[in-house]
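Notes for the one structure printed next.
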Amino acid sequence: MDNGKDILLSVQDLKVYFHLNQRLAQAVDGVSYEVRKGETVCLVGESGCGKTVSALTTLGLIPQPPGEIAGGQVLFKGQNLLDLGDDEMQKIRGNHIAMVFQEPMTSLNPVFTVGDQVQEAIMVHEKVSKTELRQRSVQLLEDVGLPAPEERLADYPHQLSGGQRQRVMIAMALACNPEVVIADEPTTALDVTIQAQILNLFGELQRERDLSLLYITHDLGVVANIADRIYIMYAGIIVEQGSAPEIFHDPRHPYTQGLLASLPNRAKRGARLHSIPGTVPDPAYKPGGCPFHPRCNLAIETCQSRFPEMCDYGNGHQSRCPVLYDGNG
Amino acid sequence: MATRADARCCMMATGEGYNLDMEQMEQAGNIVLKVEGLKKHFPVRRGFFQRVMGSIQAVDGVDFDIEAGKTLGLVGESGCGKSTVSRLILKLLEPDEGKVIFQGQDISGLSQNQMKPLRKEMQIIFQDPYGSLNPRMTIGESIEEGLRTLGVKGQAERKARVEKLLEMVGISASAAYRYPHEFSGGQRQRIGIARALSVDPSLIVCDEPVSALDVSIQAQIINLLKDLQTQLGLSYLFIAHDLHVVGYVSDTVAVMYLGHIMEYAPADELYDKPLHPYTLALLSAVPVPEPDKRCELKALSGDVPSPLDPLPGCRFQGRCPLVEERCREDEIKFYQAGENHRVRCWKVIAG
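As they're listed, the protein sequences go chains C and U.
For what it's worth, our numbering labels the leading residue of the first sequence as 1439, then goes sequentially.
For what it's worth, our numbering labels the leading residue of the second sequence as 37, then goes sequentially.
Pasting the structure below:
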């Protein structure tokens, strides 16, 4: 798997800043991650940690200004997407890398039918006849498990349930056979039984089409079920990365350890839940040194001033906590 | 930290009759809230003359009780009627049928005026703490409002009480002079809790109190709610859709589906020995944070059907893997499946 040729999408030292009134929000501050062929990669973090911004940047969807890409590269099959103009980027978007958003109701246009929207996704990239267009959209809707797809084409988004709308969003993302799908919290707004349906659907599609999936979420239960590799983000940086078993069984960053320990379940009933004190810092007022140090129970003096380097535990398992790595930072 | 008893004393010193209901409370044993056959149907009007075309059976015969100092968890998917139940209990909605017995007193027939002394006994914490705090009022004013309504006269006394409440929920007293937008989601939820506690309630309805919060903050709020429960002897009706959270906080759990309670059991029993096919489906659909136990999640087919004029028979018939002819015809009773364990499925009972 460590073959460099397998890497489809590689984000390197990406920095995305936002210029607010006299303040600079360093939303993404030196983030690197890779997505290989056929793999599911999870970007995990709490709200405001920069996971969505880093994903939107890969598709060139950050408005500039107020946004500014202050450094780094987004390599898709070796080509830096940040160098591309709008027209060239349009050919990548949807064709090679597609996106599924969290809230299907706000991402679908309420005044167009489902058919119009799925067909538009195809038409933007390909010249096809009307009959073929119709056939392909029906096929797509069938692939994502929408019941009676022929009839659904004439439906408006409000006529569908939340789960069905998300299936339509996935159909649109798949319209041009992309190699990478970025899914930004696609099941957060859904009920558990529907979430299970959508997660299973992603699994099936991935097996059938050899898709690579970059899945953004804060739900560690979902992550444990689908991830091959995991990146844990905090305050604009990646604090730990590794395979799913390593992250869940052998976490090497106090933040990851804290997150896992603070998950409630029935087995912990009666005992106090571990909780990480304090709150996630505002991206415009991040603490110096290690951004996690004000909330960390292991913090020592050097953590306040020195930015932590990635410490390597082998097999791609890395963590930004020198204190846990060698005891004295 | 203040205990509920000294909080009560401090309130009694204001001359209000805060010791009411103590006798009634003893009569009712340790059951704080008893709900019997609760029903709420919302008529659906359509057409030029706004004729009633049907009804949404949001809550259709719900029974449960909550013991003093205990937590009842109410779980279900969106649209199952769990929030309507909470509004009915607080009399923010009038039930069509059924009784809400609070501390031995049936409150379903009471007028707004008669309800007033009981309002302070039952409070609610909402899901979105930002939407439920007035952005133009300081935190202090928001919390004081309840005290003022109850007639706590002295300004200095109210102020002292507000400071004490803020301290109880882990926020510095200076927060009283700031506005809601200055706080993070977790802090706002703490403020929501302080406001609910301001009138010294015995029952708090928590309507998805941690759903909108991040994992690390969620644990803080859950711990706070647990601590307050031990200190003040509060009872909670904890409404949530996250089965992990409900399993952690609840003593008893009720699983709701389309206006019916499908299963009702002590938390341990419900999670270890779920009986109803819907409970089973819910539990197996929740992803467990354990990469080794990874398996295809058992997903129920279909969506939650509309509560508008549901079919006769079992509410779950359309998605149930065990469905039979009888499920579509008979009214399904709420069977006793063990001590304190009830289930609305005849097949499970028949074996």
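In this text, a Cβ means the ideal position worked out from N, Cα and C, and glycines have one as well.
Note down, in chain order, every chain C residue with its Cβ under 8 Å from the Cβ of A222/U.
Residue mapping note: residue 222/U aligns to position 186 of the second sequence, counting from 1. It is worth fixing the name first, because residue 222/U is Gly in this sequence and not Ala. At a beta-carbon threshold of 8 Å, the residues of chain C lying near G222/U are T1717, ordered along the chain.
Report the option in E326/U, K135/U, V322/U and P171/U whose CA atom is closest to the CA atom of V95/U.
Locating residue 95/U in the second sequence gives position 59, counting from the first residue. The option with the nearest alpha carbon to V95/U is K135/U.
Local Cβ density within 10 Å of G374/U, reported as buried at 16 or more and exposed below that:
Position 338 of the second sequence, counted from the first residue, corresponds to residue 374/U. Label assigned to G374/U: exposed.
Three Cβ pairs or more, each shorter than 8 Å: is that satisfied between the region 110-127 of chain U and the region 147-165 of chain U?
Yes, the region 110-127 of chain U is in contact with the region 147-165 of chain U.
Evaluate the contact criterion for the region 202-213 of chain U versus the region 167-180 of chain U: three or more CB pairs, one atom per stretch, below 8 Å.
A contact exists between the region 202-213 of chain U and the region 167-180 of chain U.
Please state if the CB of S1485/C and the CB of V1449/C are separated by a distance shorter than 8 Å.
Sequence index remark: in the first sequence, residue 1449/C carries index 11 (1-based). Sequence index remark: in the first sequence, residue 1485/C carries index 47 (1-based). In this structure, S1485/C does not lie closer than 8 Å to V1449/C by Cβ.
Looking at the strands, I want to know which residues DSSP matches up with T288/U.
Position 252 of the second sequence, counting from 1, holds the residue named residue 288/U. Beta-bridge annotation (DSSP): T288/U is paired with L108/U and P302/U.
C-beta neighbour in chain C for H377/U, strict 8 Å:
What you label residue 377/U is simply residue 341 of the second sequence in a count that begins at 1. Proximity of H377/U to chain C, defined by a Cβ-Cβ separation below 8 Å, is not satisfied.
What do you reckon, are the CB atoms on F1640/C and A1662/C nearer than 8 Å?
Reading the first sequence from its first residue, position 202 is the one you call residue 1640/C. Reading the first sequence from its first residue, position 224 is the one you call residue 1662/C. Taking the C-beta atoms as reference points, A1662/C is found no nearer than 8 Å to F1640/C.
In chain U, which residues lie less than 8 Å from Q1695/C when you measure between Cβ atoms?
Position 257 of the first sequence, counted from the first residue, corresponds to residue 1695/C. The premise fails here: Q1695/C is roughly 11 Å from chain U at the closest Cβ pair, so nothing lies under 8 Å.
So, helix, strand or coil for A335/U, using DSSP?
The sequence position of residue 335/U within the second sequence is 299, counting from 1. Looking at A335/U - three-state DSSP - the assignment turns out to be coil, as it is neither helix nor strand.
Tell me where the beta strand (DSSP E) around R1461/C begins and ends.
Residue numbering aside, residue 1461/C sits at position 23 when the first sequence is read from its first letter. From DSSP, the beta strand (DSSP E) with R1461/C extends over R1461 to R1474.
So, is the C-beta of Y284/U closer than 8 Å to a C-beta in chain C?
As a first step, residue 284/U must be located in the second sequence, where it is residue number 248. Chain C contact via Cβ: present.
Which residues in chain B sit within 7 Å of S1713/C, going by Cβ to Cβ distance?
Structure shown: chain B not included; protein chains present are C and U.
Taking just the CA atoms, how far does V80/U sit from S91/U?
Looking up residue 91/U in the second sequence gives position 55. Looking up residue 80/U in the second sequence gives position 44. Approximately 5 Å, taken between the alpha carbons.
The region 318-336 of chain U in contact with the region 1625-1645 of chain C per 3-pair CB rule at 8 Å:
Below 8 Å, enough C-beta pairs join the region 318-336 of chain U and the region 1625-1645 of chain C to call them touching: three or more.
Status (buried if at least 16 other CB within 10 Å, exposed otherwise) for T266/U
In the second sequence, counting from the first residue as 1, residue 266/U sits at position 230. Flag for T266/U reads exposed.
Pair every Cβ in the region 1622-1636 of chain C with every Cβ in the region 1598-1606 of chain C, then say whether three or more of these pairs are closer than 8 Å.
Three or more beta-carbon pairs drawn from the region 1622-1636 of chain C and the region 1598-1606 of chain C are found closer than 8 Å, and the two stretches are therefore classed as touching.
Between the Cα of A303/U and the Cα atoms of V98/U, T107/U and P165/U, which residue gives the shortest distance?
Here residue 303/U refers to the residue found at position 267 of the second sequence. It is T107/U.
P327/U versus chain C: which residues are under 7 Å apart at the beta carbon?
Position 291 of the second sequence, counted from the first residue, corresponds to residue 327/U. Residues of chain C passing the Cβ test: A1662, A1682, P1683 and F1686.
If you follow the alpha helix (DSSP H) that T1496/C is part of, which residue opens it and which one closes it?
Start at 1 with the first residue of the first sequence, and residue 1496/C comes out as number 58. T1496/C -> alpha helix (DSSP H) spans K1489 to T1496.
Exposed or buried, F352/U, counting other C-beta atoms within 10 Å across all chains shown (16 or more means buried)?
Sequence index remark: in the second sequence, residue 352/U carries index 316 (1-based). Classification for F352/U: buried.
Let me know the secondary structure DSSP gives E59/U once reduced to three states.
Residue 59/U sits at position 23 when you count from the first residue of the second sequence. Note on E59/U: pLDDT 47, under 50, position unreliable in the model; the coordinate value appears next. Three-state DSSP puts E59/U in a helix.
Identify, in the order they occur along the chain, each residue of the same chain with its Cβ nearer than 6 Å to the Cβ of A290/U, setting aside the five sequence neighbours on each side.
Within the second sequence, the letter at position 254 stands for residue 290/U. Non-local C-beta neighbours of A290/U in its own chain, meaning closer than 6 Å and more than five positions away in sequence, comprise F100, L110, I297 and Y300, ordered along the chain.
Check whether the Cβ of I1560/C lies closer than 8 Å to any Cβ atom in chain U.
In the first sequence, counting from the first residue as 1, residue 1560/C sits at position 122. Taking Cβ atoms only, chain U never reaches closer than 8 Å to I1560/C, which makes this a no.
Enclosing alpha helix (DSSP H) for K329/U [first to last residue]:
Looking up residue 329/U in the second sequence gives position 293. Looking at the DSSP string, K329/U is not in any alpha helix (DSSP H), and its letter there is neither H nor E.
Report the residue ranges of all alpha helix (DSSP H) runs contained in full by the region 137-189 of chain U; include only those spanning at least 4 residues, in chain order.
Segments of the alpha helix (DSSP H) lying fully in the region 137-189 of chain U: 148-155 and 175-185.
8 Å Cβ cutoff, A335/U in contact with chain C:
As a first step, residue 335/U must be located in the second sequence, where it is residue number 299. With 8 Å as the cut-off, A335/U counts as an interface residue toward chain C.
In terms of residues, what are the limits of the beta strand (DSSP E) holding P79/U?
For this step, residue 79/U is matched to residue 43 along the second sequence. It spans I67 to R82 - the beta strand (DSSP E) in which P79/U sits, taken as one unbroken run.
Ends of the beta strand (DSSP E) at E1506/C?
For the purposes of this step, residue 1506/C is identified with residue 68 of the first sequence, where counting begins at 1. That run of the beta strand (DSSP E) goes G1505 to F1514.
Can you name the residues of chain U whose CB is closer than 7 Å to the CB of N1703/C?
Position 265 of the first sequence, counting from 1, holds the residue named residue 1703/C. For N1703/C, the residues of chain U that pass the 7 Å Cβ criterion are H280, G283 and Y284, in the order they occur in the chain.
For E1484/C, decide whether its Cβ has a neighbour in chain U, counting only Cβ atoms nearer than 8 Å.
For the purposes of this step, residue 1484/C is taken as residue 46 along the first sequence, with counting starting at 1. For E1484/C, at least one C-beta of chain U is nearer than 8 Å to its own C-beta.
With 8 Å as the threshold, decide whether the Cβ of P302/U is near any Cβ in chain C.
Within the second sequence, residue 302/U is the residue found at index 266, counting from 1. Cβ-Cβ to chain C under 8 Å: no for P302/U.
Please name the residue or residues paired with I1668/C in a DSSP beta bridge.
On the first sequence, residue 1668/C is found 230 positions in, with the first residue counted as 1. When beta bridges are read from the DSSP output, I1668/C appears opposite C1480/C and G1680/C.
Quick check: the Cα distance between A64/U and R380/U, rounded to an integer number of angstroms?
Within the second sequence, the letter at position 28 stands for residue 64/U. Within the second sequence, the letter at position 344 stands for residue 380/U. Note that A64/U scores 48 on pLDDT, short of 50, meaning its location in the model is unreliable; the coordinates nonetheless yield the value given after this. Using only the alpha carbons, I get a separation of about 27 Å.
For L1591/C, which residues in the same chain have their Cβ closer than 8 Å to its Cβ, ignoring the five residues on either side in sequence?
To locate residue 1591/C, count along the first sequence from 1; it is residue 153. Same-chain partners within the cutoff: T1551, V1552, G1553, V1556, R1572, S1575, V1576 and L1579.
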